[in-house]
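Written below as structure tokens is the structure these notes are about.
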DNA sequence: TGCTCATATGGTAAAATCACCAAATGTTCA
DNA sequence: TGAACATTTGGTGATTTTACCATATGAGCA
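Protein chains in written order, with the UniProt record's numbering: chain Y, 1 to 106; chain W, 1 to 106.
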């Protein structure tokens, strides 16, 4: 594996890792139909302002979202919306796991 | 958010998390064109047998791969191949980040 | 049965992640 | 300018992840 290949796979893994936290995944899904300000997330998740802010920073640094400050507020949106096209496949993985679990019990 | 919704998003995040490690993502990509035995991974990655085995176990428990023992060897394959279908999008995220970095320097 | 090979599991120390609190920053408005 | 607001940053302790080593399991073969 060349250093370039290694760097690429690390960057890609980093994208998955960023989405690999329930709160961050939820945030990404919230951005499906457009931008949201930070305050909207804090309102809906029962978590500290700073916690949300740090999650957003992880998503931003992974390249999943971009932010824009307008007035007092900061708005976030998906940088590369195709990310969301992934979800049906992920749900398929989850469903397969659940089905297997049911089969095992039955 | 209902308990069901919460459980679903946690399960989905877990799939992303499983892919969110360079070695595990690499393993998943290796499985693109069919099954591989554990020994093949160990050969190509410079890591301990037990390390690879544990990564495989994470992927398995997340529902990404399935294993099958045949004779002395254990073979792994992708359970839900669509996982790989969206790599171009992930690469797009990464590329966008790199481009931005270049622009910033230039 | 006993040996060897392929893989898994348990233990452990170092590093990373997470959520909260407190304090800093930067923006608007009086 | 100064108060109020939205968000970020720094610090901390608890928990999780990771990679290695040593040991266990389980299959095939002598």
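Each residue gets a CB set at the ideal place from its N, CA and C atoms; glycine is no exception.
Everything numeric in this text was worked out from a predicted model, so none of it was measured.
TODO: Let me know if residue 101(W) comes out buried or exposed under the rule of 16 or more other beta-carbons within 10 Å of its beta-carbon.
DONE: Translated into positions along the second chain, residue 101(W) becomes position 101. Residue 101(W) sits exposed, since fewer than 16 C-beta atoms from the chains shown fall within 10 Å of its C-beta.
Task: Of the residues 28(W), 82(W), 89(W), 30(W), the one placed nearest residue 84(Y), counting alpha carbons only - done: Taking the first chain and counting its residues from 1, the one referred to as residue 84(Y) is at position 84. Closest in alpha carbon position to residue 84(Y), among 28(W), 82(W), 89(W), 30(W), is 89(W).
Open item on the list: Given a cut-off of 7 angstroms on the beta-carbon distance, is the pair residue 80(Y) and residue 12(W) in contact?
Closed with: In the first chain, residue 80(Y) corresponds to position 80, counting from 1. In the second chain, residue 12(W) corresponds to position 12, counting from 1. No, the Cβ-Cβ distance between residue 80(Y) and residue 12(W) is not below 7 angstroms.
- [ ] Quick one: give me the first and last residue of the alpha helix (DSSP H) that residue 69(W) is part of.
- [x] Translated into the one-based positions of the second chain, residue 69(W) becomes position 69. Segment 65 to 70 is the beta strand (DSSP E) holding residue 69(W); no alpha helix (DSSP H) there.
Task: Candidates 38(W), 58(W), 43(W), of which the one nearest residue 70(W) by Cα - done: Residue mapping note: residue 70(W) aligns to position 70 of the second chain, counting from 1. Closest by alpha carbon: 38(W).
- [ ] State the CB to CB distance for the pair residue 7(Y) and residue 64(Y), rounded to an integer number of angstroms; the pair is presumed to be in contact (CB under 8 angstroms).
- [x] By 1-based counting over the first chain, the position of residue 7(Y) is 7. By 1-based counting over the first chain, the position of residue 64(Y) is 64. Between residue 7(Y) and residue 64(Y) the beta-carbon gap is near 18 angstroms, outside 8 angstroms, which marks them as no contact.
Task: chain W contacts made by the stretch 73 to 86 of chain Y, where a contact means CB separation under 8 angstroms - done: Shown in chain order are the members of the stretch 73 to 86 of chain Y whose Cβ falls below 8 angstroms from a Cβ of chain W: 79, 80, 82, 83, 85, 86.
TODO: Indicate whether residue 18(Y) and residue 62(Y) have their beta-carbon atoms separated by less than 7 angstroms.
DONE: Within the first chain, residue 18(Y) is the residue found at index 18, counting from 1. Within the first chain, residue 62(Y) is the residue found at index 62, counting from 1. Taking 7 angstroms as the Cβ cut-off, residue 18(Y) and residue 62(Y) qualify as a contacting pair.
TODO: Say whether chain Y places a C-beta atom closer than 7 angstroms to the C-beta of residue 69(W).
DONE: Counting from one through the second chain, the residue named residue 69(W) turns up at place 69. Using beta-carbon distances, residue 69(W) does not count as an interface residue toward chain Y, since no partner is under 7 angstroms.
- [ ] Check residue 45(W) in the structure and name its three-state DSSP category.
- [x] By 1-based counting over the second chain, the position of residue 45(W) is 45. Correct three-state label for residue 45(W): coil.
- [ ] Taking residue 39(W) as the query, report the chain Y residues whose CB atoms sit under 9 angstroms from its CB, ordered along the chain.
- [x] For the purposes of this step, residue 39(W) is taken as residue 39 along the second chain, with counting starting at 1. The contacting residues do not exist; residue 39(W) stays about 18 angstroms from chain Y at best.
Task: Proximity to residue 25(W) [Cα-Cα], best of 49(W), 58(W), 98(W) - done: What you label residue 25(W) is simply residue 25 of the second chain in a count that begins at 1. For the options 49(W), 58(W), 98(W), the alpha carbon positioned closest to that of residue 25(W) is the one of 58(W).
TODO: Give a yes or no on whether 7 angstroms exceeds the smallest Cβ distance from residue 25(Y) to chain W.
DONE: Against the first chain, residue 25(Y) aligns to sequence position 25. Residue 25(Y) counts as touching chain W.
Open item on the list: Can you give me the C-alpha to C-alpha distance between residue 68(Y) and residue 75(Y), rounded to a whole angstrom?
Closed with: Here the question's residue 68(Y) lines up with position 68 in the first chain. Here the question's residue 75(Y) lines up with position 75 in the first chain. Rounded to the nearest whole angstrom, the C-alpha separation of residue 68(Y) and residue 75(Y) is 5 angstroms.
Task: Under 8 angstroms from the C-beta of residue 102(Y): neighbouring residues of chain W - done: For the purposes of this step, residue 102(Y) is taken as residue 102 along the first chain, with counting starting at 1. Scanning chain W for C-beta atoms nearer than 8 angstroms to the C-beta of residue 102(Y) yields nothing, as the closest lies near 14 angstroms away.
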